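S.K.:
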Amino acid sequence: MMTLSLFDEEENRRTWQEPLCEGALVLRGFALEHDVAILAALQNILTESPLHHMVTPGGFRMSVAMSNCGTYGWVTDRSGYRYAKIDPERGQAWPALPELFMKLAQEAAAQAGYQDFLPDACLINRYEASARMSLHQDKNERDFTQPIVSVSLGIPAMFLFGGMQRADKAIRVPLAHGDVVVWGGSARLRYHGVLALKTATHPLVGEHRINLTFRKVS
Ligand code: MD3
Ligand code: FE
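The C-terminal position of the sequence shown is numbered 217 in numbering that gives the first Met the number 0, with every residue numbered one higher than the one before it.
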């Protein structure tokens with residue numbers, strides 16, 4: 000049987016690849032040609048598992064609304080941060096990770112040299128104006144040699160990319176609709192965050208920014 004990859008016809012398309020540092024590769028506009036399909040798939044996921052402002056272990060409501068798809072979902076509440084197979088809001092498994100999402104994440108990871116990336120979690124973050132994410136490390140996953148792939152959609156944001164310690168100076172990286180970043184190698188454990196978003200409107204997404212992060216949790 001012949002299988003056609005979504006990307007076969009675009010094998011030699013030009014992508015503006017921007018290495019941020021060792022291990023971090025920015026693929027400008029990588030998700031652009033699939034934006035409508037990604038947003039349609041997202042709509043279905045969010046109908047099943049709605050976005051929700053979770054609470055940090057310290058008791059603060061997050062300004063970013065979140066949901067997940069895939070085998071595992073990232074959750075936080077008063078008892079801590081963790082990955083869970085069950086959406087605590089519904090007491091049911093998270094929606095499946097769509098084939099289109101898997102292909103996109105794998106194709107991006109491959110561009111950065113990760114040929115066997117098989118994400119089992121996709122965290123969906125939705126920002127509105129003034130929403131932000133403070134500096135943190137992603138370290139609830141088992142294997143830090145696995146990259147994280149992030150996809151930005153909607154209104155732009157200023158991403159903060161720091162060092163191995165919270166106090167290290169952070170550089171600012173603008174992320175726009177369609178940008179994909181592969182975070183591997185030594186970038187994988189660097190502190191990062193997102194500055195408060197400015198009010199803006201995107202023709203497809205409206206007044207929001209959506210960020211998908213694909214992770215191999217288990
Ligand atoms: C660098 N999300 O969900 S995506 C997160 O834009 C998160 O919503 C931000 O940080 C957002 O945990 C940033 C870019 C990103 C994601 C994961 C990383 C950068 C990363 C993990 C390690 C290093
Ligand atoms: Fe993060």
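C-beta: ideal position from N, C-alpha, C; glycine also.
Owing to the predicted nature of the structure, the values given are computational and were not obtained by experimental measurement.
Can you tell which of GLY72, VAL74, ASN210, LYS168 has the C-alpha that lies nearest to the C-alpha of ASN124?
M.R.: Counting from 1 along the sequence shown, the entry for residue 124 is found at position 125. With distances taken between Cα atoms, ASN124 lies closest to ASN210.
S.K.: In or out: PHE100 buried (at least 16 other Cβ within 10 Å) or exposed?
M.R.: By 1-based counting over the sequence shown, the position of residue 100 is 101. Counting Cβ neighbours within 10 Å, PHE100 comes out buried, since at least 16 surround it.
S.K.: The beta strand (DSSP E) with VAL35 in it runs from where to where?
M.R.: Counted from its first residue, the sequence shown places residue 35 at position 36. It is not in any beta strand (DSSP E) - VAL35 instead sits in the alpha helix (DSSP H) that spans 34-47.
S.K.: Mind listing, in chain order, the residues whose beta carbon lies closer than 6 Å to a non-hydrogen atom of the ligand FE?
M.R.: The set, ordered by position in the chain, is HIS135, ASP137, HIS191.
S.K.: Using only alpha-carbon positions, find the residue among TYR80, THR70, PRO155 that is nearest to ALA120.
M.R.: Taking the sequence shown and counting its residues from 1, the one referred to as residue 120 is at position 121. Considering only alpha carbons, the answer is THR70.
S.K.: Got a sec: is the Cβ-Cβ distance from ARG81 to anything in chain C below 8 Å?
M.R.: Absence of chain C from the displayed structure is noted, only one protein chain being present.
S.K.: Report yes if the C-beta distance between PHE116 and LYS215 is below 8 Å; otherwise report no.
M.R.: Here residue 116 corresponds to residue number 117 of the sequence shown, with the count starting at 1. Here residue 215 corresponds to residue number 216 of the sequence shown, with the count starting at 1. Cβ distance < 8 Å, so PHE116 and LYS215 count as in contact.
S.K.: Rounding to the nearest angstrom, what Cα-Cα distance links ILE147 and LEU159 in this structure?
M.R.: Position 148 of the sequence shown holds residue 147. Position 160 of the sequence shown holds residue 159. Approximately 16 Å, taken between the alpha carbons.
S.K.: Just mark LEU122 as buried or exposed, buried being the case when its beta carbon has 16 or more other beta carbons within 10 Å.
M.R.: Taking the first residue of the sequence shown as position 1, residue 122 is located at position 123. Label assigned to LEU122: buried.
S.K.: With a threshold of 7 Å, establish whether the CB of PHE158 neighbours any heavy atom of the ligand MD3.
M.R.: Start at 1 with the first residue of the sequence shown, and residue 158 comes out as number 159. Indeed, a heavy atom of the ligand MD3 lies less than 7 Å from the Cβ.
S.K.: Mark ILE85 as exposed unless 16 or more other C-beta atoms lie within 10 angstroms of its C-beta, in which case mark it buried.
M.R.: Numbered from 1 along the sequence shown, position 86 holds the residue referred to as residue 85. ILE85 comes out exposed.
S.K.: From VAL204 to ILE154, what distance separates their C-alpha atoms?
M.R.: The residue you call residue 204 lines up with position 205 of the sequence shown. The residue you call residue 154 lines up with position 155 of the sequence shown. Their Cα atoms are separated by approximately 8 Å.
S.K.: Could you name each continuous beta strand (DSSP E) segment of 3 residues or more that falls completely within the region 152-183, going from the start of the chain to the end?
M.R.: As far as the region 152-183 is concerned, its whole beta strand (DSSP E) runs of at least 3 residues are 156-160, 170-174, 179-182.
S.K.: Does the ligand FAD have even one heavy atom less than 7 Å from the beta-carbon of MET163?
M.R.: This structure does not include the ligand FAD; its bound ligands are the ligand MD3 and the ligand FE.
S.K.: Report the three-state DSSP secondary structure of ARG89 (helix, strand or coil).
M.R.: Within the sequence shown, numbered from 1, the residue matching residue 89 stands at position 90. Of the three classes helix, strand and coil, the one that applies to ARG89 here is coil, per DSSP.
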